[in-house]
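Student: Pasting a structure here, questions to come.
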Amino acid sequence: MNIENGEFEDWRGSKADPAKHGGVTASSIACVVEVLENMVFLSNATNFVEYFLKSMHYSAAESANMVTNFMGTSFLLTIFGGFVSDSFLTRFKTFIIFCTLELLGLILLTIQAQDSRLLPAINSKPSKTQEAILYTGLYAIAAGVGGVKAALPAHGADQLDHSNQRLVSSFFNWFFFSLCLGGLIASTVMIWIQENLGWNWGFKISVVTLSVALCIFSMGFPVYRYKRPGGSPLIRIFKVLASATANRKASLPEAENTQIYGEKRNHDKFRFLNKALMGESVASTEVEETKTFIGLLPIFASTIMMNCCLAQLMTFSVQQGNIMNRSLNSFKIPTQSLSVFPLSIMLTSIPIYEYFVRMFRSKNNHHPGILNVFQPLRRIGLGLALASGSMAAAAVVEAKRREAANDDVVLSVFWLGWQYLLLGVSDMLTLGGMLEFFYSEAPDTMRSMSTALSWCSTAMGYFISSVLVTISNSVSGHFGKEWLGGSDLNHTRLDLFYMLLCILNFINLLNYIFWARRY
């Protein structure tokens, strides 16, 4: 049986049968695998700091930078993983290959951690060979994570009926729930294991867990449905841009009459690209594909600033927690487990959100305007607004904490709950909305790469956060004292930095509204 362009096929290459292939069960496997994969990724990010410090004998600053660079690179490489998935391999094969690469990198680091000959001597820096093994394993994991995070959500959504947009939306919400659940396990169970049994157990458990995830995903191959890759979308985009540039002097009516459009949802956007149709090698579908992808980029850029706020939960909020009262009756909350607060809030908010969506839909089926609030663009906008509010709350709490510290009073760490609450709900709305929006709006041939924009936004947010800290210190230093200079938060102005992020996020929200209304 011939498979037409855009149709799904089964594992034998025949046309997929909706009764046998795909569906909720097949997409649920992606959610289960994401719990295990994200648990491995985040627990290792925590484990690496101690490993670099105590076993590889790097300094605290070097170790922190290595972990930050590892996480940023992992998220940025999702674009490469998405490109491979859309261009050359099915999403199933992409996941298998990149998850195997991540597993091999993890095994290499586990072997190095257990073999004293591959570790530096006490009080000595690692040799070139030891560093080569370390970085090979580390960035094999980063490359693997990039491919996995690009392919897995798109593969899961591929299993669903795309005519049922509510079902696709629900999948991305529960996929985000799975991501947070994996993070929660990493922040509790894995932290306990590392503190009580040793960090080397973290590597061993990660190898076993990722192997199980790979097996679970692989066993679903008979019930999955697959879409053949459509060749390099980047080459098609560059071809359209080159042709439009070469024919820039042509009139638009002449160009638009050259070919008849199939789908015209972007006919009135980026009309200058229609001049590419004057070239004999460019099809109208390629012009539409280019218009659609370019149209996604302003939305993508508008979400980066929100992720700058999210980066604070991993950095300054943890430092705040370190010098606050972390006692809960007789139990003292570990510093590394402070991320349990936002993760718990995110996990709680998703079922509540799903409940309200179902309730509103059941009561307002005849009033679709009311349901527009649940559309991805509106959810992203609400998430960006909450990010600005969270930084305002963080600034107030930090000012109160520093004032109390000057009076020798130590505030409870639960005062940080306000920023964790607002940022947790903000992240749920924004990242969940982005995954759904980029997948649903992307051309069929670019869904993995477009979905990867969500993860790239996270990476760029972390990098820009570091740049903002440097700029803030440089500017404030010229007018007296650096806001974030020194290691004692009681003598810094973290509250002013938080307020700066609040203002920048509000400006960014206005920018987002402008682009969202034009979309």
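Counted the way numbering that gives the first Met the number 0 counts, the sequence shown spans residues 0 to 518.
In this text, a Cβ means the ideal position worked out from N, Cα and C, and glycines have one as well.
Leucine 52: which of Val23, Leu105, Gly22 and Leu118 sits nearest, CA to CA?
Tutor: Translated into the one-based positions of the sequence shown, residue 52 becomes position 53. Checked all of Val23, Leu105, Gly22 and Leu118; the closest Cα to leucine 52 is Leu118.
Student: Tell me which same chain residues have a C-beta within less than 6 Å of the C-beta of glutamine 519, skipping the five on either side of it?
Tutor: Here the chain has residues from 0 to 518 only, and residue 519 is not among them.
Student: Around the C-beta of methionine 602, are 16 or more other C-beta atoms found within 10 angstroms, so that it is buried, or is it exposed?
Tutor: No information on residue 602 is available, as it lies outside the stretch 0 to 518 that the chain covers here.
Student: How many Å lie between glutamine 158 and isoleucine 28 at the Cα?
Tutor: The residue labelled residue 158 in the question sits at position 159 within the sequence shown. The residue labelled residue 28 in the question sits at position 29 within the sequence shown. Cα-Cα distance, rounded: 10 Å.
Student: Between the beta-carbon of alanine 25 and the beta-carbon of valine 206, is there less than 8 Å?
Tutor: Residue mapping note: residue 25 aligns to position 26 of the sequence shown, counting from 1. Residue mapping note: residue 206 aligns to position 207 of the sequence shown, counting from 1. Taking 8 Å as the Cβ cut-off, alanine 25 and valine 206 do not qualify as a contacting pair.
Student: Which residues in the same chain have their Cβ closer than 6 Å to the Cβ of asparagine 306, if we skip the five residues on either side of it in sequence?
Tutor: Position 307 of the sequence shown holds residue 306. Within the same chain, asparagine 306 has close Cβ partners Ser456, Thr457 and Gly460.
Student: Look up asparagine 324 in the DSSP assignment and give the residues it is bridged to.
Tutor: Within the sequence shown, the letter at position 325 stands for residue 324. Answer is Ser411.
Student: Could you check whether the segment 66-81 touches the segment 431-439, counting it as contact only if at least three pairs of C-beta atoms, one from each stretch, sit closer than 8 Å?
Tutor: No: the two stretches stay apart, fewer than three of their Cβ pairs being nearer than 8 Å.
Student: According to DSSP, is lysine 14 helix, strand or coil?
Tutor: Here the question's residue 14 lines up with position 15 in the sequence shown. Looking at lysine 14 - three-state DSSP - the assignment turns out to be strand.
Student: What residue range does the alpha helix (DSSP H) around valine 286 cover?
Tutor: Walking along the sequence shown from the start, residue 286 turns up at place 287. From DSSP, the alpha helix (DSSP H) with valine 286 extends over 283-301.
Student: Just to confirm, are isoleucine 96 and glycine 146 a CB contact at a threshold of 8 Å?
Tutor: On the sequence shown, position 97 is the one that residue 96 refers to. On the sequence shown, position 147 is the one that residue 146 refers to. Cβ atoms of isoleucine 96 and glycine 146: closer than 8 Å.
Student: Kindly indicate which three-state DSSP category phenylalanine 523 falls into: helix, strand or coil?
Tutor: Only positions 0 to 518 of the chain appear in the structure, and residue 523 is not among them; the question remains open.
Student: Given phenylalanine 74, which residues of its chain have a CB within under 7 Å of its CB, disregarding the five upstream and five downstream residues?
Tutor: In the sequence shown, residue 74 corresponds to position 75, counting from 1. Contacts found: Trp454, Cys455, Thr457 and Ala458.
Student: Under a Cβ-count criterion, where at least 16 other Cβ atoms within 10 Å of its own Cβ denotes burial, should arginine 517 be classed as buried or exposed?
Tutor: For the purposes of this step, residue 517 is taken as the residue at position 518 of the sequence shown. Flag for arginine 517 reads exposed.
Student: Helix, strand or coil: how does DSSP classify phenylalanine 220 here?
Tutor: Within the sequence shown, the letter at position 221 stands for residue 220. Correct three-state label for phenylalanine 220: coil.
Student: In terms of DSSP beta bridges, what is glutamate 8 paired with?
Tutor: By 1-based counting over the sequence shown, the position of residue 8 is 9. DSSP lists Lys14 and Tyr225 as partners of glutamate 8.
Student: Taking the alpha-carbon positions, what's the serine 411 to threonine 491 distance?
Tutor: Here residue 411 refers to the residue found at position 412 of the sequence shown. Here residue 491 refers to the residue found at position 492 of the sequence shown. Distance between the alpha carbons of serine 411 and threonine 491 is about 19 Å.
Student: Rounding to the nearest angstrom, what Cα-Cα distance links lysine 268 and leucine 295 in this structure?
Tutor: To locate residue 268, count along the sequence shown from 1; it is residue 269. To locate residue 295, count along the sequence shown from 1; it is residue 296. If I take the Cα positions, the gap works out to 12 Å.
Student: Tell me where the alpha helix (DSSP H) around methionine 448 begins and ends.
Tutor: Residue numbering aside, residue 448 sits at position 449 when the sequence shown is read from its first letter. 446-477 is the span of the alpha helix (DSSP H), which, as asked, contains methionine 448.
Student: What does DSSP give as the partner residue(s) for lysine 331 in the beta ladder?
Tutor: Position 332 of the sequence shown holds residue 331. In the DSSP output, where bridge partners are listed per residue, lysine 331 has Ser326.
Student: Curious, which full-length alpha helix (DSSP H) runs of at least 4 residues does the segment 90-173 contain?
Tutor: Counting only runs of 4 or more, we get 90-113 and 127-157.
Student: Starting from the C-beta of arginine 90, find all residues in its chain whose C-beta is less than 7 Å away, skip the five residues before and the five after it, and write them out in chain order.
Tutor: Here residue 90 corresponds to residue number 91 of the sequence shown, with the count starting at 1. If we look at arginine 90 and ignore the five residues flanking it on each side, its Cβ neighbours are Ser84, Ala150, Ala153, His154, Asp157 and Ser447.
Student: Quick check on histidine 477: buried or exposed, where buried means 16 or more other Cβ atoms within 10 Å of its Cβ?
Tutor: Translated into positions along the sequence shown, residue 477 becomes position 478. Exposed is the call here.
Student: If we ignore side chains and look at the alpha-carbon of each, how far apart do arginine 264 and glutamine 164 end up?
Tutor: In the sequence shown, counting from the first residue as 1, residue 264 sits at position 265. In the sequence shown, counting from the first residue as 1, residue 164 sits at position 165. Bear in mind that the predicted position of arginine 264 carries a pLDDT of just 48, short of 50, making it unreliable; the figure below should be weighed with that in mind. Spanning the two alpha carbons is a distance of roughly 18 Å.
Student: Along the chain, where does the alpha helix (DSSP H) containing threonine 429 start, and where does it finish?
Tutor: Stepping through the sequence shown from its first residue, residue 429 is reached at position 430. First-last of the alpha helix (DSSP H) with threonine 429: 416-440.
Student: Pop quiz: tyrosine 497 and alanine 394 are said to be a contact at Cβ under 8 Å. What is the actual Cβ separation, rounded to whole angstroms?
Tutor: Stepping through the sequence shown from its first residue, residue 497 is reached at position 498. Stepping through the sequence shown from its first residue, residue 394 is reached at position 395. Between alanine 394 and tyrosine 497 the Cβ distance is about 4 Å, and since that is below 8 Å, they are a contact.
Student: State the Cα-Cα distance for the pair tyrosine 134 and threonine 450, rounded to the nearest angstrom.
Tutor: Position 135 of the sequence shown holds residue 134. Position 451 of the sequence shown holds residue 450. About 28 Å.
Student: Alpha carbon to alpha carbon, what distance is there between aspartate 494 and alanine 403?
Tutor: Locating residue 403 in the sequence shown gives position 404, counting from the first residue. Locating residue 494 in the sequence shown gives position 495, counting from the first residue. For alanine 403 and aspartate 494, the distance between alpha carbons rounds to 14 Å.
Student: Using the beta-carbon count (16 or more within 10 Å), is threonine 444 buried or exposed?
Tutor: Counting from one through the sequence shown, the residue named residue 444 turns up at place 445. Result: buried.
Student: Under 8 Å, do glutamate 101 and glycine 143 count as touching if we go by C-beta distance?
Tutor: Against the sequence shown, residue 101 aligns to sequence position 102. Against the sequence shown, residue 143 aligns to sequence position 144. Yes, the pair counts as a contact, with Cβ atoms nearer than the cut-off.
Student: Just reading off the alpha helix (DSSP H) that phenylalanine 237 is part of, what are its end residues?
Tutor: Taking the sequence shown and counting its residues from 1, one reaches residue 237 at position 238. First-last of the alpha helix (DSSP H) with phenylalanine 237: 232-245.
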